[in-house]
Amino acid sequence: MGEDEGIPWRSRRLYLLLASAVVAPLDVTIVGPALPAVADAFGVSSARSGLVITAFAAPGAILAPVVGMYADRLGRRRVIVPCLLVYGIAGLAVTLATELWVVLVLRAIQGSVGGSILASLAMALVGDYYSGPRRNAVMGVLSASISFSAAAGPVLGGVLAARSWDAPFYLYGSSIVVAGLVARYLDAPPIDDRGSTDGSYVRAAIRSLPAREALAVYGATFVGFTLFFGGVLTAVPFLLEGTYGLASGRVGALVTGAMMVAAFVAVFNGRFARQLSNLGLVTLGFVGYAVGLVGVWAASSATGVLLALGVFGVGHGLVLPSVASALSALAGPAFRGGVMSLRTSVVLGAQAIGPPLFTLPAARVGYELPLALGGAGAALVAVGLFAAAGGRAGIAVAAAGDR
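The structure is reproduced here in C-alpha cells:
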C-alpha cells in the first residue's frame, strides 16, 4: 500500500477529526436509557419524557443544510468549533434544569448544531484534507468510530442513569474539551474556495453535482438507513422477542453485534477502495443488506438471526463510509459542507420513515414478511446501483469522479 493511501495513524489531524465525530452519537444513545428516570424526576408520563429525544432530532433535520451552507462560506473548521462548543454547553446545562420545558429547550439547541450535523462536518473536513484511497481509508475509520461510539452510548447512558437522571448529560462536557483541542490544534484545510457564488447557494450547489450520481448516492443513503432503522433497530428486536422469547438484554447484544461488525468492516474501506469504486462498494453493501434481511426471514433460530445480522453488518460497514466518500468527492470544495449536511437530513428522514414502514404492516402479517420484502428491495437497489455505476467495469475500477 502506498504511503498516501493508508490510514495516517501518526497524524494529529486524524485524531482531532475522530474526536469531533465520536461525540456526535452521544445525541440520543446516552439519553434513551435515562428516559424512565427523566419521567420520574419531573413527574411526567413516558410519552412526555420521550420529547427529550424528539426535541433534539427535529431541529437537526431542518437546520443541517443551513449549517452546511455556513460551513462552506465561512470555512468548515470555523463552524465545527462553535457547534461543538454549543452542543457541549447546552448538554451540560441540562443538569441544572428544574423543569422539563427547560430540558426540551436545551435539547433543541443541541439538536440545532450537534449530533449528525457534527458527523457531517467532520466528514466534510475529511474530504478537504484527503483524496483518493486515503480519503476512503480515513472515512472508514471515522465511520467505525461513530459506530463504536453509538454502540457504547446506551451502555454508558444506562450505567449513569442508574445513579441519577441527569448523570448521562455530564458526558456532553467532552464536546467542550474537543472544541478547545480542535480550535487550538487542527490546521486549516488547504482550500481557499468558500463557495461564494452569484445567485442562490442552493441552486449553485445543485448545479455543481452530477445529477445521476448524486441521485444514486442520496437514494442509496435513504434506503440503506431506512432498512437499518426500520429493519434492524425496530423489526428485528420485536421478532427476537416475540418469536424466540429473548429478553431485551440479549436482543440488544445481538443488535450491537451487527453494529460492531459494521464498524470492523468500515475500518478497511480504504483497502476495498483500491479495488472497487465507491458506487461499487455501495452496490456490494446492498447485496449484504439483501442477504442479511432475507436471512433473518429464513432463520429458524436466534443463532441464525445473529449470523444474518452479521451479514447485514458487513453491508452496512461497506455502505456507510462509501456513500460519505462518494458525496465528498462529488461535491467539490465549494459546496462540500452543504452537500454532506444534506446527507444528515436524508438520514433523519429515513429514521422517521423506517420504523413505521416495518411496524405498520407487521400488525397484520408479522415481522417476517416485511423483513423479507426489505431484503428483496435491497436486492433491487443493488441491481440499480450496478447499472448506475456502469456495470462491471464501473464498479471494478474507481473512476476519478467517484473518488
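Numbering-wise, my numbering comes out as the position in the sequence shown, counting from 1, plus 760. No residue lacks a Cβ here, since even glycine has one placed at the ideal position from N, Cα and C. In this text the structure is predicted, and so the values were computed from the model without any measurement.
Straight-line gap, residue i to residue j (C-alpha atoms, nearest Å)
i       : j       : result
SER935  : PHE802  : 26 Å
VAL846  : ARG1152 : 47 Å
ARG895  : ARG770  : 16 Å
THR1003 : TYR961  : 51 Å
PHE1028 : ALA857  : 43 Å
ALA1142 : LEU1014 : 26 Å
SER805  : ALA910  : 26 Å
ALA1018 : SER905  : 15 Å
ALA1033 : ILE767  : 13 Å
GLY820  : MET883  : 16 Å
ILE849  : ARG808  : 24 Å
VAL1099 : TRP861  : 33 Å
VAL942  : ALA1023 : 24 Å
GLY1144 : GLY1030 : 24 Å
GLY810  : GLY1150 : 45 Å
SER956  : ALA964  : Its pLDDT being 49, under 50, SER956 is placed unreliably in this model, and the coordinates cannot settle the point.
ARG1124 : GLY933  : 45 Å
VAL798  : ALA1138 : 38 Å
ILE1113 : ARG772  : 39 Å
ILE869  : ALA815  : 9 Å
ARG972  : SER924  : 51 Å
LEU1006 : LEU1066 : 12 Å
Residue j beta carbon less than 8 Å from that of residue i
i       : j       : result
TYR1049 : LEU987  : yes
ARG750  : ASP888  : Residue 750 falls outside the range modelled here, since the chain spans only 761 to 1163, and no answer is possible.
SER907  : ALA1026 : yes
LEU878  : LEU844  : yes
VAL992  : LEU866  : no
ASP800  : VAL854  : no
PRO1115 : PHE998  : no
SER1037 : VAL827  : no
VAL839  : TYR830  : yes
GLY900  : PRO1081 : yes
LEU1041 : LEU1087 : no
ALA980  : VAL1083 : yes
PHE1046 : GLY1075 : yes
VAL937  : SER780  : no
ALA974  : LEU1090 : yes
PRO949  : LEU885  : yes
ALA1062 : LEU1129 : no
LEU774  : VAL863  : no
TYR890  : ALA995  : no
VAL791  : PRO893  : no
VAL1021 : GLY1073 : yes
GLY871  : ALA818  : yes
LEU1044 : ALA976  : no
Where the alpha helix (DSSP H) containing residue i begins and where it ends
i       : result
ILE767  : Counting along the chain, ILE767 falls outside any alpha helix (DSSP H), and DSSP gives it neither H nor E.
ILE790  : Unbroken run through ILE790: none, as it is neither H nor E.
ASP800  : 795-802
GLN1035 : It is not in any alpha helix (DSSP H) - GLN1035 carries neither H nor E in the DSSP assignment.
SER1061 : Run containing SER1061: none; DSSP gives neither H nor E here.
GLU1001 : 996-1004
SER891  : Element bounds for SER891: n/a, residue is neither H nor E.
PRO1116 : 1096-1125
PRO970  : Looking at the DSSP string, PRO970 is not in any alpha helix (DSSP H), and its letter there is neither H nor E.
LEU705  : Limits of the chain in this structure are 761 at one end and 1163 at the other, which puts residue 705 out of reach.
ARG773  : 772-782
TYR932  : Where TYR932 is concerned, there is no enclosing alpha helix (DSSP H), given that its DSSP letter is neither H nor E.
LEU993  : Taken as a continuous stretch (DSSP letters only), LEU993 belongs to no alpha helix (DSSP H), as it is neither H nor E.
Where residue i falls, given that 16 or more other Cβ within 10 Å makes a residue buried
i       : result
ALA1147 : exposed
ILE822  : exposed
THR789  : buried
GLU859  : exposed
LEU834  : exposed
ASP832  : buried
SER1085 : buried
PRO825  : buried
GLY1052 : buried
LEU777  : buried
ARG1103 : buried
VAL1071 : buried
ASP958  : Any reading at ASP958 is ruled out, since the residue's pLDDT is 44, under 50, leaving its predicted position unreliable.
ILE1155 : buried
ASP952  : The predicted position of ASP952 is uncertain, since its pLDDT is 47 and thus under 50; a value taken from the coordinates is nonetheless stated next. Classification of ASP952: exposed, given that the 10 Å Cβ count is below 16.
LEU1117 : buried
ALA1122 : buried
LEU902  : buried
VAL983  : buried
VAL919  : exposed
CB contact check: residue i to chain C, cutoff 8 Å
i      : result
LEU866 : Structure shown: chain C not included; a single protein chain is present.
Notebook entry, point to check: At a cut of 8 Å, does the stretch 1130-1140 reach the stretch 1049-1061 through at least three beta carbon pairs?
Noted result: yes
Checklist line | Three-pair Cβ contact test at 8 Å for the stretch 908-926 versus the stretch 1107-1118 | finding: no
Note to self: Does the structure place the stretch 867-877 close enough to the stretch 773-789 that three or more beta carbon pairs sit under 8 Å?
What the structure shows: yes
Margin query: For the pair the stretch 1088-1095 and the stretch 965-977, tell me if three or more CB-CB distances fall below 8 Å.
Written below: Between the stretch 1088-1095 and the stretch 965-977 there are three or more inter-stretch CB-CB distances shorter than 8 Å, so the stretches are counted as touching.
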